[in-house]
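So the structure is just underneath, and the comments pick up after that.
Number of protein chains: 2
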Amino acid sequence: MTCPQLEELDLLHSHICQAMGDPKRILILYALHEQPRHVTALADDLGLPQPTVSRHLRILRQRALVTTQRDGPAVVYRLVDDRMIHVLDEMRQVLRDVMARQSEILS
Amino acid sequence: MTCPQLEELDLLHSHICQAMGDPKRILILYALHEQPRHVTALADDLGLPQPTVSRHLRILRQRALVTTQRDGPAVVYRLVDDRMIHVLDEMRQVLRDVMARQSEILS
DNA sequence: TTGATGTATTCGGATAGGCGAATACATGAA
DNA sequence: TTCATGTATTCGCCTATCCGAATACATCAA
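Chains as they are written, first to last, in our numbering: chain A, 1 to 107; chain B, 108 to 214.
This is how it looks when you write it as structure tokens:
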């Protein structure tokens, strides 16, 4: 890499964005913000297959966005930091504003 | 898609995250926040090849994160909305906090 | 129209990411 | 230990992403 500014923190930063760069993972994050949940509960609530949810959760855990806690044979997933939801909300709001401005221009 | 909650806005939302999910694009966004720039200036300042920067800029433009303005044969790129930088900063801060908490636990 | 400058695209190859289906693994109760 | 429940992983396949290198395209001045 010839770009000296690409340091470790930048990589981690982009990893976090990447982790949120899948619509199903965004749904999972919002669902866990609403309430920590077992994998199966999450799968049922979102209408997704359990292995799919489990795979996405692994990614979110590797990126330190969610954490786990055993509950008998089940595993409870919860957000590590609720501020990430705030970040997502802000992003969503900016997106909405930009879209609104664009449709103003087009009309 | 069997998941009814996966609507258009969710897709756009994840597209934005995805757009920021590359370290070079994060650098580009911060550089443009500092100052709008030509493609070549951006490439020089970041130490990246011009075609690479151009390709990344196209992605950022398609996702409505940056906008363009001709300046003779050159093209000036600028951020559509500076709040996206604020979002990135917040994300970075949360990341830092989480990392700090983890190293506390490990020590 | 030609040349200089600046920008965008194409091509090919390598890598990563996503999914369904099947299956392996872990935990606790009986 | 055995079973039931819940979770994680593997496999094969397909698609998406990224890059370097080369090249095409756009704009303006002369």
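Beta carbons: idealized from backbone N, C-alpha and C, even for Gly. Just so it is clear, the structure is predicted and the values come from calculations on it, not from any experiment.
If you draw a straight line from the Cα of Leu29/A to the Cα of Ala64/A, it comes to about 12 Å. In the DSSP secondary-structure assignment, His15/A is not bridged to any residue. Within the region 170-192 of chain B, the residues whose Cβ lies closer than 8 Å to any Cβ of chain A are, in chain order, Ala171, Val187, Asp188, Arg190, Met191. Taken through DSSP and simplified to helix, strand or coil, Gln176/B comes out as strand. For the options Val66/A, Leu9/A, Val98/A, Arg55/A, the alpha carbon positioned closest to that of Arg168/B is the one of Val98/A. Taking the CA atoms as reference points, Leu186/B sits about 32 Å from Leu57/A.
Distances from the alpha-carbon of Gln200/B to those of Leu95/A, Val94/A, Val87/A, Arg92/A put Val87/A closest. Listed by position along chain B, the residues whose Cβ is nearer than 8 Å to that of Arg92/A are Leu116, His120.
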